[in-house]
Amino acid sequence: MSKNTLSTSLFNRDILQQAIIDAFAKLAPRQQWKNPVMFVVYLGSMLTSVLWLQALRGQGDAPAGFILAIACCLWFTVLFANFAEAVAEGRSKAQASFLHNAKRDIIAKKLDEARYGNPFTEIAASSLRKGDVVLIEAGDFIPGDGDVIEGVASVDESAITGESAPVIRESGGDFSSVTGGTRVLSDWLVVRISVNPGETFLDRMIAMVEGSQRQKTPNEIALTILLVALTLVFLMATVTLLPFSLYSVETAGSGHPLSITVLVALLVCLIPTTIGGLLSAIGVAGIGRMMQKNVVATSGRAVEAAGDVDVLLLDKTGTITLGNRQAAAFFPAKGVSEKQLADAAQLSSLADETPEGRSIVVLAKQKFGIRGRDVHSLGATFVHFSAQTRMSGVNLKGRQIRKGSEDAIRGYITEQGGRFPADTQNIVIDVSRRGSTPLVVAEDKKVLGVIELKDIVKGGIKERFMELRQMGIKTIMITGDNRLTAAAIAAEAGVDDFLAEATPEAKLNLIRQHQAEGRLVAMTGDGTNDAPALAQADVAVAMNSGTQAAKEAGNMVDLDSNPTKLIEIVETGKQMLMTRGALTTFSIANDVAKYFAIIPAAFAGTYPALNVLNVMHLATPASAILSAVIFNALIIIALIPLALRGVGYKPVGAEKLLQNNLLIYGLGGLVVPFIGIKLIDALLVGLHLV
Numbered sequence: 191m192s193k194n195t196l197s198t199s200l201f202n203r204d205i206l207q208q209a210i211i212d213a214f215a216k217l218a219p220r221q222q223w224k225n226p227v228m229f230v231v232y233l234g235s236m237l238t239s240v241l242w243l244q245a246l247r248g249q250g251d252a253p254a255g256f257i258l259a260i261a262c263c264l265w266f267t268v269l270f271a272n273f274a275e276a277v278a279e280g281r282s283k284a285q286a287s288f289l290h291n292a293k294r295d296i297i298a299k300k301l302d303e304a305r306y307g308n309p310f311t312e313i314a315a316s317s318l319r320k321g322d323v324v325l326i327e328a329g330d331f332i333p334g335d336g337d338v339i340e341g342v343a344s345v346d347e348s349a350i351t352g353e354s355a356p357v358i359r360e361s362g363g364d365f366s367s368v369t370g371g372t373r374v375l376s377d378w379l380v381v382r383i384s385v386n387p388g389e390t391f392l393d394r395m396i397a398m399v400e401g402s403q404r405q406k407t408p409n410e411i412a413l414t415i416l417l418v419a420l421t422l423v424f425l426m427a428t429v430t431l432l433p434f435s436l437y438s439v440e441t442a443g444s445g446h447p448l449s450i451t452v453l454v455a456l457l458v459c460l461i462p463t464t465i466g467g468l469l470s471a472i473g474v475a476g477i478g479r480m481m482q483k484n485v486v487a488t489s490g491r492a493v494e495a496a497g498d499v500d501v502l503l504l505d506k507t508g509t510i511t512l513g514n515r516q517a518a519a520f521f522p523a524k525g526v527s528e529k530q531l532a533d534a535a536q537l538s539s540l541a542d543e544t545p546e547g548r549s550i551v552v553l554a555k556q557k558f559g560i561r562g563r564d565v566h567s568l569g570a571t572f573v574h575f576s577a578q579t580r581m582s583g584v585n586l587k588g589r590q591i592r593k594g595s596e597d598a599i600r601g602y603i604t605e606q607g608g609r610f611p612a613d614t615q616n617i618v619i620d621v622s623r624r625g626s627t628p629l630v631v632a633e634d635k636k637v638l639g640v641i642e643l644k645d646i647v648k649g650g651i652k653e654r655f656m657e658l659r660q661m662g663i664k665t666i667m668i669t670g671d672n673r674l675t676a677a678a679i680a681a682e683a684g685v686d687d688f689l690a691e692a693t694p695e696a697k698l699n700l701i702r703q704h705q706a707e708g709r710l711v712a713m714t715g716d717g718t719n720d721a722p723a724l725a726q727a728d729v730a731v732a733m734n735s736g737t738q739a740a741k742e743a744g745n746m747v748d749l750d751s752n753p754t755k756l757i758e759i760v761e762t763g764k765q766m767l768m769t770r771g772a773l774t775t776f777s778i779a780n781d782v783a784k785y786f787a788i789i790p791a792a793f794a795g796t797y798p799a800l801n802v803l804n805v806m807h808l809a810t811p812a813s814a815i816l817s818a819v820i821f822n823a824l825i826i827i828a829l830i831p832l833a834l835r836g837v838g839y840k841p842v843g844a845e846k847l848l849q850n851n852l853l854i855y856g857l858g859g860l861v862v863p864f865i866g867i868k869l870i871d872a873l874l875v876g877l878h879l880v
C-alpha cells in the first residue's frame with residue numbers, strides 16, 4: 191500500500207502545514223470540550239487574556255507584561271495539544287488519500303435477474319441497494335461490495351491493497367467477495383450487492399482511517415476519568431488558596447496575596463496536561479500504525495484489545511507452516527497395490543483445485559504414469575470438501591471413492607457397514623508422528639490406504655512464539671489434522687496448545703471457553719465458516735481475499751491477506767498501550783518537578799520560609815512561574831514524535847515493562863523538568879525578560 195499512499199513522515203510539509211491550520215480550527219469550544227483536561231487550560235487561557243486587558247487599563251492584579259506572557263504560554267499549550275492531534279489525524283488522512291481516488295462515479299449494469307446474458311439497465315452505482323444484481327465486464331469498475339454469484343474473472347484490487355498483481359474472484363468458495371472501486375481486468379462477473387451506499391468497505395475504511403468515527407476505547411475512557419478526577423482535585427485545591435492567601439496576608443500584616451494569574455498558572459502546572467494533550471493523538475496514531483501495516487481496524491476498541499490479547503488462535507497452514515502441503519507418498523492397505531491406491535486417489539482429486547489435490551494428481555502421474563481422465567466420459571459426480579464432512583471424493587459407475595482425514599473416513603466406512611483396518615491405523619500413526627498429514631482413501635466400504643502430505647514449519651516461528659510467551663500470551667494452533675500430526679507440528683513450532691480436527695463449532699467453543707476464563711482472544715479467518723468464530727473473538731482479523739461474511743464478522747481486515755500478520759497486530763496494539771502508559775508515567779512524574787518550581791515562587795511573598803524549597807535556585811518568583819508554564823507548553827510538542835511513532839517495542843512481561851516505565855519515563859519525568867525549567871529560567875534572565 192505504501193506505493194499508493196502519500197508520505198506519512200512526521201516531517202511531511204503538507205501534513206504539518208494542514209496540522210497548524212487545524213490546530214487553530216480546533217480552538218472552537220465544541221472541539222475543546224472533548225478533552226476535559228485541556229478544556230481547563232483553554233478556560234485559563236481566556237481568563238488570563240481578560241486579566242491582561244484589564245491590566246492594560248491599570249486594573250490588573252499583576253504587571254501586564256507578566257500576565258501577557260502567562261496567557262501566551264497557556265494559549266500555546268492548548269495549540270500544541272491541538273497540533274499533536276491534528277498531526278496524527280493528518281498522517282491518517284494521508285494514508286487514506288488514495289482511497290478517495292477509488293471512490294468514483296461508476297455506472298452499474300443492473301440485471302433484472304441474476305443471469306448473465308439478460309438485458310441490463312445502466313444506473314449510477316449510488317442508486318444500488320443491498321440485494322441488487324449487477325453485471326461487471328472486462329474493464330468495468332465494481333460498483334459496490336458484494337458476492338460473486340456467477341462467473342470467474344481476474345480483478346485489480348490495487349486501489350484497496352496497493353498490490354498491482356490481480357487476483358481471481360469466482361462464485362462459490364472463499365474467494366467470492368468483491369470490493370467496490372476495484373476493477374475487473376478480464377472475463378465477467380455477476381455480483382449480488384451486499385451493502386447499501388455509504389456502508390461499503392471502502393467507506394468504512396476511509397471513515398476509520400481519517401478518524402472521523404473514532405470513539406474512545408474503554409482504557410482511554412478510564413484514563414480520561416482519572417485525569418478529570420485529578421484535575422477537579424487540583425482545581426478545588428487551587429480555588430481555596432485565594433481566600434487562605436488573603437487571610438494570611440491580612441493576619442500577618444505583610445506580604446502579597448496570590449494573584450489570579452499565578453493561581454491559573456499553578457493550576458495548569460499541577461494538572462496532567464502532558465498526557466491530557468497527547469492522549470487523543472496516541473489513539474489516532476495507533477490506528478494509523480495499523481494502517482501502515484495494511485490492516486484496517488473498524489474500531490479503535492479493536493486496536494486497544496489487540497494490546498490486551500492473551501490468547502492467540504493461529505491456523506496451522508500458511509501461518510505456522512509454509513502452507514504448500516504436497517503429496518509425498520502412497521501407503522496402500524493390506525491387499526491393495528500402491529498403483530490401485532494411486533489410481534483411486536487421483537480420481538478423487540481430479541476436481542480438487544487445492545494445491546494438495548493437484549499434487550496428488552501429479553504424484554500419481556509421476557510414479558505410475560496415470561494421466562488425468564475425461565471426467566465427462568467417466569460420468570463422474572464429484573463430492574467437494576466441506577468443513578463439516580472434512581472429506582471429498584467422486585462417484586462414478588457405481589463406485590464411491592472418498593479421501594479425507596482418518597476420523598472422517600472411519601465414520602464414512604462405519605456408515606457403509608465396513609471396518610477400518612488396524613494396519614491402516616498404524617500407517618496413519620507413523621505418518622502423523624513424522625509431522626506429516628495423513629489422508630485416508632476409501633472405495634465404497636473398503637479402505638485403500640493413506641496419502642502422506644508433507645508441510646514445513648516456517649523458519650523463525652518458534653522464536654516468535656517464545657517472545658509471545660514472554661509477554662504472557664498463550665498460542666494455540668488450529669488445524670484440521672488429526673491429533674498425532676497436530677501434536678508433532680505443535681511441538682516443532684513451539685506453540686503452547688493445539689486444537690486438532692477443528693470444525694467451526696470447535697473453534698467457537700474454544701474461544702468461548704477462554705473468554706469465560708477472563709481472557710481476550712484473537713484469531714484470523716477468511717471463510718464463511720470462520721464467521722461465527724470471528725464474530726465471537728475479541729480481535730478478529732478477516733483476510734481481504736476472504737468472503738464478505740468473514741469481513742463483516744471481523745473487527746479488522748488485513749489487506750495483504752497474510753495470516754501471520756496477527757502477531758504483528760498484537761505487537762502494534764501492545765505498542766500503543768505501552769506508549770500511553772509511558773507518557774502517563776512521564777506526565778505525572780514531571781508534575782512533581784513543577785511543584786518545586788512554582789509553589790515556592792507563588793507563596794514566597796506570603797510565606798518567605800517557603801524559599802527553602804527553591805532547590806533549583808530560580809532567579810525570581812516571576813521567572814520561576816513563567817519558566818514552569820513555558821516548559822509545560824514545550825514538553826507537549828517535544829513528546830509529539832514519541833506519541834505518534836510509539837515507544838520502542840520489546841517482547842517483555844508486564845512486570846518488566848512496569849519496571850522499565852518507572853525507570854525510563856518515571857525517573858526521566860522527574861529529572862527532565864528540573865533541567866528544562868532551570869535552562870528556561872537562565873534564558874529569561876539572560877535576555878532580561880524578567
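When you line the sequence shown up against the numbering used here, it's residues 191 to 880, in that order. Cβ atoms here follow ideal geometry from the backbone N, Cα and C, with glycine treated the same way. Note that the coordinates shown come from a computational prediction; the quantities given were computed from them, not determined experimentally.
Every unbroken beta strand (DSSP E) within the segment 500-580, with a cutoff of 3 residues, ordered by chain:
List check, beta strand (DSSP E) in window: 501-505, 516-522 and 571-573.
Specify, as a first and last residue, the run of the alpha helix (DSSP H) that Trp242 falls within.
Its alpha helix (DSSP H) spans residues Pro226 to Leu246.
Inter-residue spacing [alpha-carbon to alpha-carbon] between Ala895 and Gly771:
Any property of residue 895 remains undetermined from this structure, which presents the chain solely from 191 to 880.
Would a C-beta distance cut-off of 9 Å place Gly329 and Val368 closer than the cut-off?
9 Å or more divides the Cβ of Gly329 from the Cβ of Val368.
By alpha-carbon positions, which one of Leu834, Asp671 and Gln556 ends up nearest to Ile619?
Ranking Leu834, Asp671 and Gln556 by Cα distance to Ile619 puts Asp671 first.
Can you tell me where the alpha helix (DSSP H) with Glu682 in it begins and where it stops?
Annotation for Glu682: the continuous alpha helix (DSSP H) segment containing it runs Arg673 to Ala683.
Residue(s) in a DSSP beta bridge with Val357:
Beta bridge pairing from DSSP links Val357 with Val345.
State the Cα-Cα distance for the pair Leu808 and Gly866, rounded to the nearest angstrom.
Whole-angstrom Cα-Cα distance: 12 Å.
In the DSSP assignment, what residue or residues form a beta bridge with Val381?
Note: Val381 sits in a beta bridge opposite Val324 and Val338.
Mapping DSSP to helix, strand and coil, what is Arg203?
Note: Arg203 maps to helix in three-state DSSP.
Buried or exposed: where does Leu469 fall if 16 or more other Cβ atoms within 10 Å of its Cβ makes it buried?
Around the beta-carbon of Leu469, 16 or more other beta-carbon atoms lie within 10 Å, marking it buried.
What distance in whole Å lies between the Cβ atoms of Val621 and Pro628, which are believed to be in contact at a cut-off of 8 Å?
Val621 and Pro628 do touch by the CB rule: their CB atoms are close to 4 Å apart, below 8 Å.
Hey, how far is the Cα of Gly763 from the Cα of Ile757?
Each residue's alpha carbon lies about 10 Å from the other.
Please say whether Thr311 and Lys299 have beta carbons closer to each other than 9 Å?
In contact: Lys299 and Thr311 (Cβ atoms closer than 9 Å).
Sorted by chain position, which residues of the same chain lie with C-beta nearer than 6 Å to Val747's C-beta, five sequence neighbours on each side aside?
Counting only Cβ-Cβ distances below 6 Å, and skipping sequence neighbours, we find Val486, Ala732, Asn734 and Lys741.
Can you tell which of Leu456, Ile651 and Glu543 has the C-alpha that lies nearest to the C-alpha of Thr428?
Ranking Leu456, Ile651 and Glu543 by Cα distance to Thr428 puts Leu456 first.
Would you identify the three-state DSSP class for Met713, choosing helix, strand or coil?
For Met713, the three-state secondary structure derived from DSSP is strand.
Does DSSP put Thr614 in a helix, a strand or coil?
In the structure shown, Thr614 sits in a helix (DSSP, three-state: H, G or I).
Less than 9 Å between the beta carbons of Ala532 and Lys557, yes or no?
Taking 9 Å as the Cβ cut-off, Ala532 and Lys557 qualify as a contacting pair.
Within 10 angstroms of its Cβ, does Pro753 collect 16 or more other Cβ (buried), or is it exposed?
Buried, because 16 or more other Cβ atoms sit within 10 Å of the Cβ of Pro753.
Separation of Gly248 from Met481, as counted between CA atoms:
Between the alpha carbons of Met481 and Gly248 lies a gap of roughly 55 Å.
Host beta strand (DSSP E) of Asp597 (start-end):
DSSP places Asp597 in no beta strand (DSSP E) but in the uninterrupted alpha helix (DSSP H) bounded by Glu596 to Glu605.
List the whole-angstrom C-beta distance separating Phe965 from Val805, where the pair is believed to meet the contact cut-off of C-beta under 8 Å.
Look at the range of the chain in this structure, 191 to 880, and you will see that residue 965 is not part of it.
Would a C-beta distance cut-off of 9 Å place Pro790 and Val782 closer than the cut-off?
Cβ atoms of Pro790 and Val782: not closer than 9 Å.
Collapsed DSSP secondary structure at Val805 in the structure displayed:
Look at Val805 here: in three-state DSSP terms it is coil, with no helix or strand label.
8 Å CB neighbourhood of Arg515 in its chain, flanking five on each side removed
Result list for Arg515: Thr507, Pro545, Glu546, Ser549, Thr627, Leu643, Lys644 and Asp645, in chain order.
Could you please give me the residues that DSSP links to Leu643 through a beta bridge?
Beta-bridge partners assigned by DSSP to Leu643: Ala517 and Thr627.
Pair every Cβ in the segment 419-437 with every Cβ in the segment 238-248, then say whether three or more of these pairs are closer than 8 Å.
Between the segment 419-437 and the segment 238-248 there are fewer than three C-beta pairs closer than 8 Å, too few to call the two in contact.
Report yes if the CB atom of Ile701 is closer than 9 Å to the CB atom of Ala721, and no otherwise.
Cβ atoms of Ile701 and Ala721: not closer than 9 Å.
Contact set for Lys652: own chain, Cβ-Cβ below 8 Å, skip 5 residues either direction
Excluding sequence neighbours, Lys652 sits near Glu682, Ala683 and Gly684.
Check each candidate in Asp634, Gln207 and Arg203 and name the one with the smallest Cα separation from Ile591.
Check the Cα spacing between Ile591 and each of Asp634, Gln207 and Arg203: the tightest is with Asp634.
What are the partner residues of Asn585, as DSSP defines its beta bridges?
Beta-bridge pairing by DSSP links Asn585 to Thr571 and Gln590.
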